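Student: In the order they appear, the protein sequences are chains A and B.
Under the numbering used here, think of the first position of the first sequence as 203, with each following residue one higher.
Under the numbering used here, think of the first position of the second sequence as 203, with each following residue one higher.
Sharing a structure below in structure tokens format, with a few things to ask.
2 protein chains.
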Amino acid sequence: MTEKIPYKIYLEEDEMPKSWYNMRADMVNKPAPLLNPATKKPMSAEELEAVFCSELVQQELDNENAYIEIPQEIRDFYKMYRPSPLVRAYCLEKKLDTPAKIYYKFEGNNTSGSHKLNSAIAQAYYAKKQGLKGVTTETGAGQWGTALSMACAYLELDCKVYMVKVSYEQKPFRREVMRVYGASVTPSPSETTQVGRKILAAHPGTTGSLGCAISEAVEVAVGTPGYRYVLGSVLNQVMLHQSVIGLETKAALDKYGIKPDIIIGCAGGGSNLGGLIAPFMGEKIRGEADYRIIAVEPASCPSFTRGVFAYDFCDTGMVCPLAKMYTLGSDFIPAANHAGGLRYHGMSPVLSQLYHDGYMEATSVTQTRVFEAAEQFARVEGILPAPESSHAIRVAIDEALKCKETGEEKTIVFGLTGTGYFDMVAYEKFHDGNMDDYIPTDEELAKFRLNLPKVD
Amino acid sequence: MTEKIPYKIYLEEDEMPKSWYNMRADMVNKPAPLLNPATKKPMSAEELEAVFCSELVQQELDNENAYIEIPQEIRDFYKMYRPSPLVRAYCLEKKLDTPAKIYYKFEGNNTSGSHKLNSAIAQAYYAKKQGLKGVTTETGAGQWGTALSMACAYLELDCKVYMVKVSYEQKPFRREVMRVYGASVTPSPSETTQVGRKILAAHPGTTGSLGCAISEAVEVAVGTPGYRYVLGSVLNQVMLHQSVIGLETKAALDKYGIKPDIIIGCAGGGSNLGGLIAPFMGEKIRGEADYRIIAVEPASCPSFTRGVFAYDFCDTGMVCPLAKMYTLGSDFIPAANHAGGLRYHGMSPVLSQLYHDGYMEATSVTQTRVFEAAEQFARVEGILPAPESSHAIRVAIDEALKCKETGEEKTIVFGLTGTGYFDMVAYEKFHDGNMDDYIPTDEELAKFRLNLPKVD
């Protein structure tokens with residue numbers, strides 16, 4: 203059997219998923235509903251439609267349907283860069299001298315450099331279908347903004363991106379890629395919105411945060427006719443779209459009769475992790491199979507491992523609905539390290555509920571150890587990984603080394619979310635010994651919890 | 203039939219080439235031999251072995267064997283990123299509203315971002331096999347240096363890269379990627395070599411050139427025990443290794459009964475073009491099939507279209523052997539535009555002979571038109587192309603538009619050599635209208651020809 207397993211498993215076109223899988227349909231405890239921040243009542247579809255496209259609102263609220271068909275137009279777009287390969291990390295295994303079998307699902311072979319495109323094209327498609335002129339969004343590290351720009355260019359939709367100011371300044375090339383795809387990119391906080399002006403007045407010289415950029419993008423979407431807001435992570439709809447990662451992974455493994463023991467993903471807002479684990483989690487919930495599922499987050503922004511499970515604001519400006527999730531508090535700003543896209547204060551409500559209910563584990567890792575794993579991986583597997591993805595690499599290596607000690611031949615699957623071409627400043631800091639490994643103290647974390655909204 | 207052709211054609215592992223194809227075996231007029239610059243006599247194997255690994259010298263001189271087996275170790279490395287996909291550019295065709303069928307062979311899905319890895323691993327492998335400690339090389343735009351660093355990291359060989367100073371300064375991220383892979387990178391010209399010091403004395407403040415970096419790398423290789431020099435283009439051995447591109451392309455087309463009418467590649471030193479066209483050229487020479495084969499070069503560095511076919515130095519320092527090739531003169535330095543890796547003054551002797559003998563066409567394009575094509579391609583096909591590759595895109599689009607006029611359903615195949623992530627400064631110049639479209643005058647080109655060496 204092993205002889206026939208290719209080094210990289212690519213599904214054939216007719217083996218690719220035709221529907222997304224919605225974990226919520228199988229969940230015993232459904233994720234808590236989004237709440238109106240004023241009334242603290244569950245957001246109705248009508249309320250949500252002021253912010254999001256109608257069809258996406260249906261997906262956001264759908265806790266019933268396990269499978270939702272992927273429209274043909276989106277499947278056609280997926281063909282541009284999917285299937286993504288499931289790669290057996292033979293070289294890494296050899297280097298580690300481990301009996302473990304390591305596979306990674308590589309989502310970086312597209313110009314956005316990450317898995318973000320899977321949901322970007324879906325959200326842009328529904329906006330286009332609804333006859334909208336354009337969409338607004340925020341971006342931190344830049345992958346989501348790039349992905350959305352690509353999707354909008356393809357569908358000829360306008361795309362307004364609020365980019366966290368520090369990234370806008372430190373990553374001019376990311377900005378330029380979005381420009382290639384015709385997006386307008388504004389550093390956040392900006393003078394173009396009420397909330398931006400308010401934040402600038404309160405914190406002159408601030409370099410921005412994801413929560414702040416979200417507030418600006420939402421304000422513009424709600425206030426501009428023909429526009430809606432789109433978000434690259436956290437939301438239920440994003441977990442749904444990203445399930446294409448896990449469905450492909452499972453199909454590829456099933457094709458060769460491989461059963462994973464451990465599934466590992468990095469977690470910021472949860473978009474990749476939620477997508478990667480989706481069908482496996484479904485089996486686990488239904489009692490059909492068991493897997494160890496591990497979320498890996500930066501020690502500097504430890505939502506799962508040191509946050510609280512509570513209703514919180516999704517943004518700094520407090521204009522968005524409240525979500526029940528593992529959170530560090532909406533004011534939390536992590537240390538200026540390079541966890542990149544994993545710096546969000548909250549976590550997907552779906553994943554939060556699953557973690558709370560004991561279906562998955564979480565662990566946190568420091569940046570230097572992450573980049574050590576990144577470099578080790580790059581040298582033997584050839585791919586220059588994104589810092590985000592390297593959190594998963596770190597734990598995959600650690601688990602493989604445990605197998606070396608015990609002699610167990612476990613099968614480990616991890617999500618390699620993207621490439622690090624735009625993160626060379628971080629690699630440089632690592633090489634120069636300037637990586638910031640700061641871990642927030644309990645006192646610091648406690649401080650940010652004081653601002654959690656009161657919900658009965 | 204068409205129904206069954208996948209959007210992206212990936213060969214199965216057992217369909218991948220097991221041998222490289224050596225065009226020279228089928229060429230009617232063989233490429234002229236390299237000459238010793240002092241004696242003007244053909245370089246013997248012994249002389250070449252002072253510079254190159256022994257097995258590569260054999261490949262360099264081999265005009266007889268049509269197929270040379272790819273060692274298993276290299277084939278294992280190829281599996282890390284090969285087969286590369288042959289993609290049907292459906293979206294581009296639709297956008298152009300052309301009856302032409304456009305395919306591109308995409309070589310950018312690896313961390314070096316280009317096809318250069320195909321020869322880098324081969325050259326590093328033979329160096330390792332010979333028991334060497336390390337290799338030296340030069341890099342301009344940085345793709346070759348990155349590729350070689352990756353190959354050397356994999357084989358645990360030392361790698362010393364001389365990087366053209368202007369690129370070293372303008373592309374710190376490229377430099378940093380090489381550092382991830384453990385290479386030492388020196389800006390050229392440097393004080394570390396005799397030839398570097400000489401050039402610096404003659405031209406203080408020079409930002410360097412490829413020809414100058416070659417001289418430095420060769421000097422270090424020849425003067426350091428256990429080291430040899432490796433080169434990413436121009437050489438016969440490089441054309442041989444790169445034939446894997448064309449062999450895969452042909453296997454993929456043959457699998458679905460597709461016969462191309464036009465094959466297009468960008469041309470700097472000729473590494474991608476020579477590889478892409480190899481098996482097609484073989485058929486053409488042997489009279490088994492006919493194809494239009496088009497080399498595309500930058501108007502700023504027009505070796506084929508405005509150079510002369512003559513013996514010339516391969517480097518600025520005049521320490522390398524003489525090669526008979528289309529050349530602009532070894533002192534030629536193109537305008538400071540962003541043709542990137544296509545700025546070399548000469549051209550592969552193999553391709554030069556084939557062009558001279560009428561087996562292929564050549565055309566040149568200006569930078570603005572290249573970037574227009576690049577952006578158009580990026581928006582519909584998703585991939586952000588390298589400036590080099592975009593020369594081929596430009597002509598592929600032009601040919602497809604001609605088909606639109608005539609109604610012909612031609613099949614066009616072009617080589618998409620790599621990605622443009624490290625070239626965003628060039629894209630920025632294009633967007634800001636600052637692209638330099640300078641074309642050298644006849645008088646300027648004539649001046650550089652005065653320094654051609656005299657060979658009887």
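Here a beta-carbon is modelled for each residue, glycine too, at the ideal position from N, C-alpha and C.
Please read these numbers as outputs of a predicted model, since none were measured by experiment.
Could you tell me which chain B residues have their CB closer than 7 angstroms to the CB of Gly584/A, listed as they occur along the chain?
Tutor: Taking the first residue of the first sequence as 1, we reach residue 584/A at position 382. Under the 7 angstroms cutoff, chain B gives Met282, Tyr283, Asn312, Thr313, Met352.
Student: Between Trp346/B and Gly543/B, what straight-line distance do the alpha-carbon atoms span, to the nearest angstrom?
Tutor: Walking along the second sequence from the start, residue 346/B turns up at place 144. Walking along the second sequence from the start, residue 543/B turns up at place 341. If I take the Cα positions, the gap works out to 9 angstroms.
Student: Could you give the distance in angstroms between the alpha-carbon of Ile304/A and the alpha-carbon of Glu295/A?
Tutor: Counting from 1 along the first sequence, the entry for residue 304/A is found at position 102. Counting from 1 along the first sequence, the entry for residue 295/A is found at position 93. Going by the C-alpha atoms only, they are around 7 angstroms apart.
Student: Anyone know if the C-beta pair for Leu618/B and Gly425/B falls short of 8 angstroms?
Tutor: If you number the second sequence from 1, residue 618/B lands on position 416. If you number the second sequence from 1, residue 425/B lands on position 223. Result no, Cβ atoms of Leu618/B and Gly425/B do not sit closer than 8 angstroms.
Student: Determine whether the Cβ of Pro273/B lies closer than 8 angstroms to any Cβ atom of chain A.
Tutor: In the second sequence, counting from the first residue as 1, residue 273/B sits at position 71. It does not; no Cβ of chain A falls within 8 angstroms.
Student: Which of the residues in the region 626–642 of chain B, read from start to end, lie with their CB under 7 angstroms from any CB of chain A?
Tutor: Here the close residues are Met626, Tyr629, Glu630, His633.
Student: In terms of alpha-carbon separation, which member of Met282/B, Glu583/B, Met225/B, Ser246/B lies closest to Glu266/B?
Tutor: Taking the second sequence and counting its residues from 1, the one referred to as residue 266/B is at position 64. Taking only the C-alpha atoms, the option nearest Glu266/B is Met225/B.
Student: Counting only C-beta atoms, is Tyr513/A closer than 8 angstroms to chain B at any point?
Tutor: Stepping through the first sequence from its first residue, residue 513/A is reached at position 311. No, Tyr513/A lies away from the interface with chain B (no Cβ there is under 8 angstroms from its Cβ).
Student: Do Ile614/A and Ala602/A have their beta-carbon atoms positioned less than 8 angstroms apart in this structure?
Tutor: Here the question's residue 602/A lines up with position 400 in the first sequence. Here the question's residue 614/A lines up with position 412 in the first sequence. Yes. Within cutoff.
Student: Drop a sphere of 10 angstroms on the beta-carbon of Val230/A, count the other beta-carbons inside from all chains shown, and report buried for 16 or more, exposed for fewer.
Tutor: Translated into the one-based positions of the first sequence, residue 230/A becomes position 28. By the 10 Å Cβ count, Val230/A comes out exposed.
Student: Over the uninterrupted alpha helix (DSSP H) stretch that includes Ser392/B, give me the two end residues.
Tutor: As a first step, residue 392/B is located in the second sequence; it is residue number 190 there, counting from the start. Counting along the chain, Ser392/B falls outside any alpha helix (DSSP H), and DSSP gives it neither H nor E.
Student: Would you kindly work out how many angstroms separate the C-alpha atoms of Glu563/A and Pro589/A, rounded to a whole number?
Tutor: The residue you call residue 563/A lines up with position 361 of the first sequence. The residue you call residue 589/A lines up with position 387 of the first sequence. If I take the Cα positions, the gap works out to 21 angstroms.
Student: Please classify Glu607/A as buried or exposed, where buried requires at least 16 other C-beta atoms within 10 Å of its C-beta.
Tutor: Start at 1 with the first residue of the first sequence, and residue 607/A comes out as number 405. Under this definition Glu607/A is an exposed residue.
Student: For His317/B, decide whether its Cβ has a neighbour in chain A, counting only Cβ atoms nearer than 8 angstroms.
Tutor: Counting from 1 along the second sequence, the entry for residue 317/B is found at position 115. Chain A, which has no Cβ nearer than 8 angstroms to the Cβ of His317/B, makes this no.
Student: Whose C-beta lies closer than 8 angstroms to the C-beta of Pro239/B among residues of the same chain, with five residues either side of it excluded?
Tutor: Residue numbering aside, residue 239/B sits at position 37 when the second sequence is read from its first letter. Excluding positions up to five away in sequence, the list reads Phe515, Met520, Val521, Cys522, Pro523, Leu524, Pro655.
Student: Rounded to whole angstroms, what's the CA-CA distance from Ile211/A to Tyr280/A? Just pull it up for me.
Tutor: Indexing the first sequence from 1 puts residue 211/A at position 9. Indexing the first sequence from 1 puts residue 280/A at position 78. Taking the straight line joining both Cα atoms gives about 17 angstroms.
Student: Under 8 angstroms, Cβ to Cβ, is there at least one residue of chain A near Val379/B?
Tutor: As a first step, residue 379/B must be located in the second sequence, where it is residue number 177. Yes, contact with chain A.
Student: Keeping to the same chain, check which residues put their C-beta closer than 7 angstroms to that of Ser177/A; ignore five residues upstream and five downstream.
Tutor: This structure does not reach residue 177/A, given that chain A is present from 203 up to 658, and the question cannot be answered.
Student: For Glu378/B, count neighbouring Cβ atoms within 10 angstroms of its own Cβ and tell me buried if that reaches 16, exposed if not.
Tutor: Indexing the second sequence from 1 puts residue 378/B at position 176. Flag for Glu378/B reads buried.
Student: Can you tell which of Ser351/B, Pro374/B, Gln372/B has its C-alpha closest to the C-alpha of Val363/B?
Tutor: As a first step, residue 363/B is located in the second sequence; it is residue number 161 there, counting from the start. Nearest option by C-alpha distance: Ser351/B.
Student: Do Ile496/A and Ile460/A have their C-beta atoms within less than 8 angstroms of each other?
Tutor: Taking the first sequence and counting its residues from 1, the one referred to as residue 496/A is at position 294. Taking the first sequence and counting its residues from 1, the one referred to as residue 460/A is at position 258. Not in contact: Ile496/A and Ile460/A (Cβ atoms no closer than 8 angstroms).
Student: Just verifying my parser: in three-state terms, what is the DSSP assignment at Lys220/A?
Tutor: Residue mapping note: residue 220/A aligns to position 18 of the first sequence, counting from 1. It is coil, neither helix nor strand.
Student: Find out if the Cβ-Cβ distance for the pair Ala594/B, Phe573/B is shorter than 8 angstroms.
Tutor: Here residue 594/B refers to the residue found at position 392 when the second sequence is read from its first residue. Here residue 573/B refers to the residue found at position 371 when the second sequence is read from its first residue. Their beta carbons are not under 8 angstroms apart, which means Ala594/B does not touch Phe573/B by this criterion.
Student: Tell me which residue opens and which closes the alpha helix (DSSP H) that Arg376/A is part of.
Tutor: If you number the first sequence from 1, residue 376/A lands on position 174. Arg376/A -> alpha helix (DSSP H) spans 374–382.
Student: Ignore the nearest five residues each way along the sequence and tell me which others in Ala685/A's own chain have a CB closer than 6 angstroms to its CB.
Tutor: Residue 685/A falls outside the range modelled here, since chain A spans only 203 to 658, and no answer is possible.
Student: Rounded to whole angstroms, what's the CA-CA distance from Val657/B to Gly410/B? Just pull it up for me.
Tutor: Along the second sequence, read from residue 1 onward, the residue named residue 657/B stands at position 455. Along the second sequence, read from residue 1 onward, the residue named residue 410/B stands at position 208. Each residue's Cα considered, the two are about 27 angstroms apart.
Student: Which chain B residues are close to Val510/A, counting only those with a beta carbon under 9 angstroms from its beta carbon?
Tutor: For the purposes of this step, residue 510/A is identified with residue 308 of the first sequence, where counting begins at 1. Per Cβ cutoff of 9 angstroms: no residues; Val510/A is ~38 angstroms from chain B at best.
Student: Which chain A residues are close to Glu215/B, counting only those with a beta carbon under 8 angstroms from its beta carbon?
Tutor: Counting from one through the second sequence, the residue named residue 215/B turns up at place 13. Result: Pro208, Tyr209.
Student: Counting only Cβ pairs nearer than 7 angstroms, list the residues of chain B close to Ala355/A.
Tutor: Start at 1 with the first residue of the first sequence, and residue 355/A comes out as number 153. Within chain B, the residues near Ala355/A are Arg581.
Student: Between which two residues does the alpha helix (DSSP H) holding Thr529/A run?
Tutor: Reading the first sequence from its first residue, position 327 is the one you call residue 529/A. Where Thr529/A is concerned, there is no enclosing alpha helix (DSSP H), although the beta strand (DSSP E) it sits in stretches over 524–529.
Student: Specify, as a first and last residue, the run of the alpha helix (DSSP H) that Tyr327/B falls within.
Tutor: To locate residue 327/B, count along the second sequence from 1; it is residue 125. Element bounds for Tyr327/B: 319–331.
Student: Check Gly428/B in the structure and name its three-state DSSP category.
Tutor: Taking the first residue of the second sequence as position 1, residue 428/B is located at position 226. Here Gly428/B sits in coil by DSSP.
Student: Quick one: residues in its chain with C-beta nearer than 6 angstroms to the C-beta of Thr596/A, no 5 flanking neighbours on either side, listed in chain order?
Tutor: Position 394 of the first sequence holds residue 596/A. A quick correction: the sequence has Arg, not Thr, at residue 596/A. Around Arg596/A: Val567, Arg571, Val572, Ala575.
Student: Tell me Gly467/B's beta-bridge partners as DSSP assigns them.
Tutor: Here residue 467/B refers to the residue found at position 265 of the second sequence. Answer is Ala497/B.
Student: State whether the region 476–492 of chain A contacts the region 242–249 of chain A, with contact taken as three or more CB pairs (one from each stretch) at a distance under 8 angstroms.
Tutor: The region 476–492 of chain A vs the region 242–249 of chain A: no contact.
Student: Within 8 angstroms of any Cβ in chain A, is that where the Cβ of Val382/B sits?
Tutor: In the second sequence, counting from the first residue as 1, residue 382/B sits at position 180. Output row for Val382/B: interface = yes.
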